[in-house]
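The next block holds one structure in the form of structure tokens; read it before the comments.
Residue numbers (the numbering used here): 4 to 288.
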């Protein structure tokens with residue numbers, strides 16, 4: 004799949020995934036074949052050489068999603084991006100640009116590798132996710148996303164809390180946190196599969212360029228759906244001016260027209276509304 008990625012505004016994310024970035028016993032996310040988002044995981048067993056680039060890896064797989072109470076999700080053809088995995092057969096990989104970012108993981112008993120969203124991570128959520136999705140669910144329903152910041156670590160009893168990110172007008176993938184407490188959504192264990200994929204991010208210091216908004220997050224364009232990259236002056240975007248304090252105040256009170264859908268009963272699948280864009284610009288895979 005040949006995919007073309009727009010340049011980022013400030014941080015060069017490719018510098019975080021050079022040949023020398025890979026090491027033994029790391030787990031890396033790799034781009035999938037559906038819409039080019041990083042939903043596959045590979046465990047690095049050996050870096051054989053850097054020039055030419057060559058590694059021995061095994062792809063992580065999982066036969067079910069029983070840890071979340073939804074055993075048929077994988078059988079329906081959907082990729083699993085969080086939960087428990089096992090290493091598959093070892094093979095040789097020579098394709099550097101298949102990989103997106105290094106993933107934090109926990110080694111559990113019986114060879115299980117556990118990957119879960121963690122506090123301060125940025126993830127994309129399936130906007131219209133439902134446990135009733137199956138192989139007949141249209142792509143236009145599946146491939147709609149919203150970016151969120153993870154506010155705490157996952158627990159089986161409480162699930163996990165997230166808050167929607169607000170797109171900053173004038174940039175491709177710069178977002179700021181939503182400080183409205185009512186925007187926080189708690190995702191219970193049974194809804195953890197609404198997480199589509201983790202998105203690499205970079206915290207801007209304000210020194211990258213004269214117009215770099217300090218304290219805001221730049222997301223990796225290669226892991227950001229195109230419709231969000233092209234979203235501009237909508238009620239889901241924050242205008243950036245020269246007064247940073249004013250920006251912060253705007254962020255606190257900014258009207259997000261999807262907030263009501265995020266709040267309330269955690270047993271409901273809250274959805275974040277954003278403006279639709281055009282198709283997907285793809286990166287090299």
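Where a beta carbon is used, it is the ideal one built from N, C-alpha and C, also for glycine.
Under 8 Å between the Cβ atoms of residue 65 and residue 86?
yes
Cα-Cα, which of 48, 151, 160 is closest to residue 170?
151
Thinking C-alpha only, which one of 191, 129, 210, 135 is nearest residue 156?
191
On the DSSP letters alone, give me the boundaries of the beta strand (DSSP E) that residue 104 sits inside.
102–106
Drop a sphere of 10 angstroms on the beta-carbon of residue 194, count the other beta-carbons inside from all chains shown, and report buried for 16 or more, exposed for fewer.
buried
Between the segment 161–181 and the segment 209–228, do at least 3 Cβ pairs fall closer than 8 Å?
yes
For residue 150, which three-state DSSP category applies?
strand
In terms of residues, what are the limits of the beta strand (DSSP E) holding residue 233?
Not the beta strand (DSSP E): residue 233 falls in the alpha helix (DSSP H), residues 229–233.
Euclidean distance between Cα positions of residue 56 and residue 62
18 Å
Where residue 197 falls, given that 16 or more other Cβ within 10 Å makes a residue buried
buried
Determine the extent of the beta strand (DSSP E) in which residue 92 is found, giving its start and end residues.
86–96
Same chain only: Cβ atoms within 8 Å of residue 199, ignoring 5 sequence neighbours per side
40, 42, 84, 126, 127, 128, 129, 148
Residue of 232, 225, 234, 233 minimising C-alpha distance to residue 35
225
Span of the beta strand (DSSP E) holding residue 170?
163–171
Note down the Cα distance separating residue 146 from residue 81, rounded to an integer number of angstroms.
12 Å
Say whether chain D places a C-beta atom closer than 8 Å to the C-beta of residue 73.
Absent from the structure is chain D; it holds one protein chain and no more.
Contact under 8 Å by Cβ, residue 121 with residue 110
no
DSSP-derived helix/strand/coil call for residue 112
helix
Measuring only the C-alpha atoms, how far is residue 10 from residue 168?
20 Å
Measuring straight from C-alpha to C-alpha, what distance separates residue 37 and residue 143?
12 Å
Let's see if you can read the secondary structure: which residues bound the beta strand (DSSP E) around residue 204?
204–206
For residue 165, the nearest candidate out of 79, 31, 189, 46 (CA to CA)
189
Buried or exposed: which applies to residue 162, given that a residue is buried once 16 or more other Cβ atoms fall within 10 Å of its Cβ?
buried
Short of 6 Å in beta carbon distance, which residues of its chain neighbour residue 209, apart from the five on each side in sequence? Order them along the chain.
215, 217
Compare the beta carbon distance of residue 176 and residue 206 with 8 Å and say whether it is the shorter of the two.
no
Going by beta-carbon coordinates alone, are residue 124 and residue 77 separated by less than 8 Å?
no
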